[in-house]
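**Q** The end of the sequence shown is residue 626 by this note's numbering, with every number in the run present.
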Amino acid sequence: MALAIAEADTVSSKFFDPKAKQQVYEASSLLKLLQAREGGIVGGTSIQWPVRYKKLARGGSTGARTSIKFQSVQTRTGADISMAYYSYDTMIHWDERRENMGKPKIMDLLGDRSTELGEEFADDLATDIYATNANGLGVTGLDDIVSSSVTYAGIAVADAAAWAAIQDTTTTRLTLYGPTSLMYAIDQATFGSLTPTHIVTTRNLLSRIRALLHPLTRYESDETARKVGIRSVIFEDTTCVSDPFCTASALYGLDLKNLRLVVDPDFDPDISKWGTLDQIGYQHAWKKVLSWVGNMQCRCRKTQFKFTLLDYAV
Numbered sequence: 313m314a315l316a317i318a319e320a321d322t323v324s325s326k327f328f329d330p331k332a333k334q335q336v337y338e339a340s341s342l343l344k345l346l347q348a349r350e351g352g353i354v355g356g357t358s359i360q361w362p363v364r365y366k367k368l369a370r371g372g373s374t375g376a377r378t379s380i381k382f383q384s385v386q387t388r389t390g391a392d393i394s395m396a397y398y399s400y401d402t403m404i405h406w407d408e409r410r411e412n413m414g415k416p417k418i419m420d421l422l423g424d425r426s427t428e429l430g431e432e433f434a435d436d437l438a439t440d441i442y443a444t445n446a447n448g449l450g451v452t453g454l455d456d457i458v459s460s461s462v463t464y465a466g467i468a469v470a471d472a473a474a475w476a477a478i479q480d481t482t483t484t485r486l487t488l489y490g491p492t493s494l495m496y497a498i499d500q501a502t503f504g505s506l507t508p509t510h511i512v513t514t515r516n517l518l519s520r521i522r523a524l525l526h527p528l529t530r531y532e533s534d535e536t537a538r539k540v541g542i543r544s545v546i547f548e549d550t551t552c553v554s555d556p557f558c559t560a561s562a563l564y565g566l567d568l569k570n571l572r573l574v575v576d577p578d579f580d581p582d583i584s585k586w587g588t589l590d591q592i593g594y595q596h597a598w599k600k601v602l603s604w605v606g607n608m609q610c611r612c613r614k615t616q617f618k619f620t621l622l623d624y625a626v
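1) In the DSSP assignment, the beta strand (DSSP E) including L566 goes from what residue to what residue?
2) Do you know how far the Cα of A438 is from the Cα of I404?
3) I need the DSSP call for N607, collapsed to helix, strand or coil.
4) How is the beta strand (DSSP E) around R515 delimited, first residue to last?
5) Hey, out of L494, R425, A472, F433, whose CA is closest to V512's CA?
6) So, is T378 buried or exposed, given that buried needs 16 or more other C-beta atoms within 10 angstroms?
7) Does the distance from the CB of G466 to the CB of D582 come in under 7 Å?
8) Sort Y337, L342, M608, W361 by Cα distance to Y564 and report the nearest one.
9) When the distance is taken between beta carbons, is R515 closer than 7 Å to S459?
10) Would you identify the three-state DSSP class for M495, choosing helix, strand or coil?
11) Note down, one range per segment and in chain order, each beta strand (DSSP E) of at least 3 residues found wholly within the segment 544-584.
12) Do you know whose CA, among W598, I359, R388, K344, lies nearest V605's CA?
13) Between which two residues does the alpha helix (DSSP H) holding F433 run?
14) Report the partner residues of T481 according to the DSSP bridge assignment.
15) Give me the Cα-Cα distance between V385 and R572, rounded to the nearest whole angstrom.
16) Any contact between the segment 593-601 and the segment 394-402? By contact I mean 3 or more CB pairs, one from each, below 8 Å.
17) Quick test of the definition: if touching needs 3 or more C-beta pairs under 8 Å, does the segment 476-483 touch the segment 608-621?
18) Based on DSSP bridge pairs, tell me the residues matched to F503.
19) Go through its chain and collect everything with a Cβ distance to I498's Cβ below 7 Å, but skip five positions before and after it.
20) CB-CB under 7 Å to G450, same chain, minus the five flanking residues each way: which ones, in chain order?
21) Under DSSP, the alpha helix (DSSP H) around R364 begins and ends at which residues?
22) Between which two residues does the alpha helix (DSSP H) holding D471 run?
23) Ignore the nearest five residues each way along the sequence and tell me which others in G423's own chain have a CB closer than 7 Å to its CB.
24) What number of angstroms, rounded off, separates the C-alpha of D481 from the C-alpha of E411?
25) Assign I457 to one of two classes, buried (16 or more other C-beta atoms within 10 Å of its C-beta) or exposed (fewer than that).
26) Using the DSSP secondary-structure output, state which residues sit across from D401 in a beta bridge.
27) Compute the Euclidean distance between the alpha carbons of A468 and T389, then round it to the nearest angstrom.
28) Can you tell me whether K344 is helix, strand or coil according to DSSP?
29) Tell me the rounded alpha-carbon separation between D435 and P556.
30) Using DSSP with H/G/I as helix, E/B as strand and the rest coil, what is I511?
31) Hey, how far is the Cα of Y570 from the Cα of W361?
32) Report the CB separation of T484 from L346 in whole angstroms; it is logged as a contact under 8 Å.
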């Protein structure tokens, strides 16, 4: 009968690298950029702000003695969005706590589960930012905000023509200049001094932008992007970044001066301490909860644009 444990395993132990390298969660470039900007709000059932959605259209050239007929014109309305609530939990069992102690402990399981909790939340939030809010509970995504037809914040485009983003659903080839180009979309989404500040797209399409820019040798790095660890390239004063969460074939031109992630600072996020689960029958087990409250707020839709059908290979 062969021995169960060889001599080498008896006299020597393995060398364990205590650092766990997670390989399932990627970081969202857009989420990093949004979180780098202020957007705190405390309390309240929802977020409401005034919107001037049409011209006054009262006045013009006239005769010196022409009688004026006074008329009241309603040019303002209120935009309103509800706050979205996110909750995540993790736990550690009695045997895991006992085994992850002393000399046999290779890595801090409690600490890594806390880190994992935050990564799971960030992954979900970034996914929802690029999605349509199907269940009505998550944050309002870019599909709804950057649209030329979808009602957002209670204001329908049919009632307020100025409350519409620029949307291209037919262009397949990404070009820098000319009709249906990136520069054309930026120009279409420019309103006074306001203009898209960032281009956010897929890695393939950002590579396409880099390839198109290569003859122009115009490579720079945006300071804000640098601070949050994002590689970027500048096109016509607009920062271009890739995001692994960006929808395939999509490219967004976003005015981050008027698009922000509004959060409740008390839940941005709130991560509880480890607490006992004895009361629900898990003896000596611990639990931890992460809670977040916030939503996406766009003050000006007309300075946002998107392409939805770009083909990297074309």
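All C-beta atoms, glycine included, are put in the ideal place defined by N, C-alpha and C.
Since the structure is predicted, the reported quantities are computational estimates derived from the model, not experimental observations.
**A** Let's see:
1) L566: member of the beta strand (DSSP E) spanning 563-566, first to last residue.
2) Rounded to the nearest whole angstrom, the CA to CA distance from I404 to A438 is 27 Å.
3) N607 falls in the strand class under three-state DSSP.
4) Segment 515-525 is the alpha helix (DSSP H) holding R515; no beta strand (DSSP E) there.
5) For the residues L494, R425, A472, F433, the minimum Cα distance to V512 belongs to L494.
6) Exposed, by the Cβ-count rule.
7) No.
8) Comparing Cα positions, the closest option is L342.
9) No; because the gap between Cβ atoms is not below 7 Å, this pair is not in contact.
10) Helix, per DSSP.
11) As for any beta strand (DSSP E) of minimum length 3 sitting wholly inside the segment 544-584, the runs are 545-547, 550-554, 563-566, 571-575, ordered along the chain.
12) That would be I359, whose Cα lies nearest to the Cα of V605.
13) F433 -> alpha helix (DSSP H) spans 421-441.
14) Answer is none; T481 lacks a bridge partner.
15) Distance from the CA of V385 to the CA of R572, rounded to the nearest whole angstrom, comes to 31 Å.
16) In the pairwise beta carbon analysis, the segment 593-601 is classified as touching the segment 394-402: at least three pairs are separated by under 8 Å.
17) Judged by Cβ distances under 8 Å, the segment 476-483 makes contact with the segment 608-621, as three or more pairs qualify.
18) In DSSP, F503 forms a bridge with L506.
19) So the list reads T507, P508, E548, T550, G565, once near-sequence residues are dropped.
20) Here the set comprises A396, D440.
21) Judged by DSSP secondary structure, R364 falls outside any alpha helix (DSSP H) and instead within the beta strand (DSSP E) spanning 358-364.
22) Per DSSP, D471 lies in no alpha helix (DSSP H) segment and is marked neither H nor E.
23) Hits under 7 Å: none found.
24) This sequence places Thr at residue 481; Asp is not what is there. Their backbone Cα atoms lie some 56 Å apart in a straight line.
25) When all chains shown are included, I457 counts as buried.
26) According to DSSP, which records beta bridges pairwise, D401 is partnered with V601.
27) Approximately 11 Å, taken between the alpha carbons.
28) In this structure, K344 counts as helix in the three-state DSSP scheme.
29) Answer to the nearest angstrom: the Cα atoms are 10 Å apart.
30) Strand.
31) For the sequence presented, residue 570 should be read as Asn rather than Tyr. If you take the alpha carbons of N570 and W361, they lie about 12 Å apart.
32) Their Cβ separation, rounded to whole angstroms, is 29 Å, which puts T484 and L346 out of contact at 8 Å.
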